[in-house]
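Here the structure is laid out as structure tokens; the discussion comes afterwards.
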Amino acid sequence: MEKREQMYEGKAKKVFATDNDDYCIVSYKDDATAFNGEKKGTILGKGVVNNRMSNFMFKLLETKGIPTDYVEELSDRETVLKKVNIVPLEVIIRNKAAGSFSKRFGIPEGTDFNEPTLEFCLKDDSLGDPMINESQIYAIGAATKEEIARISEYAYKINEVMVEFFKSVNVDLIDFKIEFGRFHGEILLADEISPDTCRFWDVNTQEKLDKDRFRRDMGGVEDAYAEMMKRVGLAD
Ligand code: UDP
74 MEKREQMYEG KAKKVFATDN DDYCIVSYKD DATAFNGEKK GTILGKGVVN NRMSNFMFKL
134 LETKGIPTDY VEELSDRETV LKKVNIVPLE VIIRNKAAGS FSKRFGIPEG TDFNEPTLEF
194 CLKDDSLGDP MINESQIYAI GAATKEEIAR ISEYAYKINE VMVEFFKSVN VDLIDFKIEF
254 GRFHGEILLA DEISPDTCRF WDVNTQEKLD KDRFRRDMGG VEDAYAEMMK RVGLAD
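Residue numbers (this note's numbering): 74 to 309.
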């Protein structure tokens with residue numbers, strides 16, 4: 074596979090074309106943003122953690138029947154992916170209250186839920202990724218009913234697999250954001266699963282091991298990402 078011109082540069086990664094129209098190459102950066110790009114910084118080594126952890130999780134999920142866009146890890150920061158059309162939704166699953174959920178509904182962080190929640194936000198930075206319900210999704214044509222049925226089924230299954238896996242390495246999966254893509258008529262898990270996109274709390278101490286340390290200026294950000302690499306079994 075030959076790497077060609079850069080197609081896109083986002084907040085945390087660059088995407089390159091390849092000589093095959095069905096594939097692209099993603100390159101993870103150390104750049105970090107929060108609050109819709111208002112807060113900017115660098116988390117040293119983050120690109121390596123996110124690339125390798127995301128690939129590890131996508132491979133695990135494939136074994137559990139979730140189709141993903143993962144193809145091949147090329148290096149610490151670069152991976153070949155199927156070139157999908159991203160469904161313009163952020164799909165969020167929560168197991169405990171935190172972040173915007175706690176704020177919106179006045180429920181303290183860490184409060185247990187009777188069952189996981191599923192919510193959708195429209196991917197649009199200029200609007201601040203507003204929450205959107207299913208009827209609104211169909212009204213504007215962001216996704217079809219069949220696609221949302223498939224995405225919801227996958228999202229709950231992904232949560233089950235991830236909760237069980239992270240519990241086994243002493244981590245509570247509080248919530249996470251995933252994205253899906255369309256590839257030759259199929260819905261695939263796309264984007265990334267990493268400490269940038271999940272809330273990870275140590276089971277015993279409830280210490281935060283994710284991007285909230287950056288968002289909230291808590292310090293120890295690099296150490297938290299490195300600790301998650303170790304727990305997942307990817308540390309050198
Ligand atoms: N999240 C994300 N990208 C976003 C917004 C949220 O990856 O643009 C993740 C976030 O890391 C957390 C989950 O989705 O694991 C729920 O985030 P929330 O809605 O509470 O928003 P936040 O408090 O992060 O603004």
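Even glycine gets a Cβ: it sits at the ideal position worked out from N, Cα and C.
Next item on the list: With hydrogens ignored, establish whether the beta-carbon of D202 is closer than 7 Å to any heavy atom of the ligand UDP.
Entry: Sequence index remark: in the sequence shown, residue 202 carries index 129 (1-based). D202: yes, Cβ under 7 Å from the ligand UDP.
Checklist line | Classification of K86 by the beta-carbon crowding that lies within 10 angstroms, buried from 16 upward | finding: Reading the sequence shown from its first residue, position 13 is the one you call residue 86. K86 counts as buried, since no fewer than 16 other beta carbons sit within 10 angstroms of its beta carbon.
Checklist line | beta strand (DSSP E) runs wholly inside the stretch 82-125, at least 3 long, in chain order | finding: Here the runs fully enclosed are 86-91, 96-101, 104-107, 112-115.
Next item on the list: Return helix, strand or coil for I221, following the three-state DSSP convention.
Entry: Residue mapping note: residue 221 aligns to position 148 of the sequence shown, counting from 1. If DSSP states are grouped into helix, strand and coil, I221 belongs with the helices.
Checklist line | Cβ-Cβ distance between R304 and V244 below 8 Å | finding: In the sequence shown, residue 304 corresponds to position 231, counting from 1. In the sequence shown, residue 244 corresponds to position 171, counting from 1. Taking 8 Å as the Cβ cut-off, R304 and V244 qualify as a contacting pair.
Check: Going by Cα to Cα distance, which pick from I221, L154, G179, I247 is closest to Y101?
Finding: Taking the sequence shown and counting its residues from 1, the one referred to as residue 101 is at position 28. Y101 has its Cα closest to that of L154, out of I221, L154, G179, I247.
Item checked: K176, enclosing alpha helix (DSSP H) - first and last residue -> Here residue 176 is taken as the residue at index 103 of the sequence shown, counted from 1. Looking at the DSSP string, the run of the alpha helix (DSSP H) that includes K176 is 172-178.
Note to self: Considering only heavy atoms of the ligand UDP, does any lie closer than 7 Å to the CB of E338?
What the structure shows: The structure shown does not extend to residue 338, since the chain is modelled only from 74 through 309, so no value can be given for it.
Next item on the list: Would you list the residues sitting across from Y143 in a DSSP beta bridge?
Entry: What you label residue 143 is simply residue 70 of the sequence shown in a count that begins at 1. Under DSSP, Y143 forms a beta bridge with L154.
Next item on the list: Please name the residue in A297, L195, I166 whose C-alpha comes closest to that of I213.
Entry: Looking up residue 213 in the sequence shown gives position 140. Of the listed residues, the one whose Cα sits closest to I213 is L195.
Note to self: Please state whether the Cβ-Cβ distance between P161 and E259 is less than 8 Å.
What the structure shows: Position 88 of the sequence shown, counting from 1, holds the residue named residue 161. Position 186 of the sequence shown, counting from 1, holds the residue named residue 259. Contact flag unset, no.
Notebook entry, point to check: Does the Cβ of D309 lie closer than 7 Å to at least one heavy atom of the ligand UDP?
Noted result: Stepping through the sequence shown from its first residue, residue 309 is reached at position 236. D309 Cβ: outside cutoff for every heavy atom of the ligand UDP.
Check: In terms of residue numbering, what span does the beta strand (DSSP E) encompassing K250 cover?
Finding: The residue you call residue 250 lines up with position 177 of the sequence shown. From DSSP, the beta strand (DSSP E) with K250 extends over 244-256.
Margin query: Could you check whether K119 and D142 sit closer than 8 Å to each other, using their CB atoms as the reference points?
Written below: In the sequence shown, residue 142 corresponds to position 69, counting from 1. In the sequence shown, residue 119 corresponds to position 46, counting from 1. Not in contact: D142 and K119 (Cβ atoms no closer than 8 Å).
Checklist line | Beta-ladder partner(s) of V164, from DSSP | finding: One-based indexing of the sequence shown puts residue 164 at position 91. For V164, DSSP records a beta bridge to F193, I251.
Check: So is the beta-carbon of S127 under 7 Å away from any non-hydrogen atom of the ligand UDP?
Finding: Numbered from its first residue, the sequence shown carries residue 127 at position 54. No, the ligand UDP has no heavy atom inside 7 Å of this Cβ.
Check: Is any heavy atom in the ligand NAP found nearer than 7 Å to the beta carbon of A105?
Finding: Only the ligand UDP can be found as ligands here, which leaves the ligand NAP out of the picture.
Check: Relative to the ligand UDP, is the shortest distance from any of its heavy atoms to the C-beta of R272 smaller than 7 Å?
Finding: On the sequence shown, residue 272 is found 199 positions in, with the first residue counted as 1. Yes - the ligand UDP has a heavy atom lying nearer than 7 Å to the Cβ of R272.
Notebook entry, point to check: How is the beta strand (DSSP E) around F275 delimited, first residue to last?
Noted result: Translated into the one-based positions of the sequence shown, residue 275 becomes position 202. The question names Phe, yet the displayed sequence has Asp at residue 275. Residues 271-275.
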